[in-house]
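**Q** The following block contains the structure, expressed as structure tokens.
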Ligand code: FES
């Protein structure tokens with residue numbers, strides 16, 4: 128089911144586009160973990176993303192890599208709109224085009240990593256925790272059902288609203304690496320100004336050409352697909 132592979136050199140790094148088949152689909156609370164053949168694509172760094180082309184949709188959806196099992200790429204998807212619903216409706220054996228890895232991931236050269244994620248911001252954390260050797264992790268979710276995704280990170284501390292992840296941040300949090308909704312990232316930025324924060328924006332191209340992902344963060348306009356999605360100077 129794996130198709131021909133095209134590649135593009137972006138800032139010295141090679142991103143590839145290839146048609147890949149779904150191998151396994153697993154429901155985790157309200158989320159879907161979609162595992163695909165890896166084909167000739169590299170998994171890249173934790174925090175980098177891939178463009179997944181949903182069947183019947185014009186625009187692909189950016190998804191950070193959740194896990195990199197041997198020979199596969201796995202993405203955790205929240206079914207919140209037509210594109211993500213189409214991705215979650217895929218069944219094993221069906222194939223889609225995938226393009227990546229893209230963007231800037233987390234800097235793994237950290238001394239005292241602390242991972243923090245909220246909601247679907249948990250998506251890049253399993254791959255990140257594997258790269259960093261299971262550092263301390265704090266996860267926050269809206270409901271107990273969403274918190275079922277915590278099983279992707281078995282050692283994590285978990286809070287459910289109205290409690291917030293920031294309530295568990297120690298006074299000296301060390302090297303924070305975070306992903307989640309904008310208000311959560313803003314609160315973390317105030318408490319840990321040097322934190323590495325993975326931001327989200329709608330994306331059309333994924334490699335700097337369309338300016339569809341420009342957001343204002345910390346008073347500066349960024350193309351999140353090439354300047355991010357992980358930023359550490361957003362104060
Ligand atoms: Fe096109 Fe960022 S998604 S410029």
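Numbering (this note's numbering), first residue to last: 128 to 362. Even glycine gets a Cβ: it sits at the ideal position worked out from N, Cα and C.
For residue 342, collect the residues of the same chain with a Cβ closer than 8 angstroms to its Cβ; drop the 5 residues on either side in sequence, then sort them by chain order.
**A** Taken in chain order, the residues that qualify are 326, 328, 348, 349, 351.
**Q** Enumerate in chain order the residues of its own chain whose CB-to-CB distance from residue 141 is below 8 angstroms, with the five nearest sequence positions on each side excluded.
**A** Here the set comprises 134, 135, 169.
**Q** Mind listing, in chain order, the residues whose beta carbon lies closer than 7 angstroms to a non-hydrogen atom of the ligand FES?
**A** This selection yields 330, 331, 332, 333, 334, 335, 336, 337, 338, 339, 340, 350, 351, 352, 353.
**Q** Assuming residue 317 is part of the beta strand (DSSP E), what are its boundary residues?
**A** Careful: residue 317 lies outside any beta strand (DSSP E), inside the alpha helix (DSSP H) at 309-318.
**Q** Ignoring anything shorter than 4 residues, give me the alpha helix (DSSP H) runs that lie fully in the segment 216-274, in order along the chain.
**A** The segment 216-274 contains these whole alpha helix (DSSP H) runs: 252-259.
**Q** For residue 276, which of helix, strand or coil comes out of DSSP?
**A** It is helical.
**Q** Which value, in whole angstroms, describes the spacing of the CA atoms of residue 282 and residue 200?
**A** So the alpha carbons of these two residues sit roughly 23 angstroms apart.
**Q** When the Cα of residue 228 is compared with those of 291, 307, 288, 192, which residue comes out closest?
**A** Of the listed residues, the one whose Cα sits closest to residue 228 is 192.
**Q** If you measure from the CB of residue 310, is any heavy atom of the ligand COA nearer than 7 angstroms?
**A** The model depicted lacks the ligand COA and carries the ligand FES instead.
**Q** Would you call the segment 311-326 and the segment 231-251 in contact, with 3 or more CB pairs under 8 angstroms?
**A** Yes, they touch.
**Q** Between the Cα of residue 185 and the Cα atoms of 358, 210, 359, which residue gives the shortest distance?
**A** Selected option, being the one with the closest Cα: 210.
**Q** Compute the Euclidean distance between the alpha carbons of residue 248 and residue 130, then round it to the nearest angstrom.
**A** The straight-line gap from Cα to Cα measures roughly 30 angstroms.
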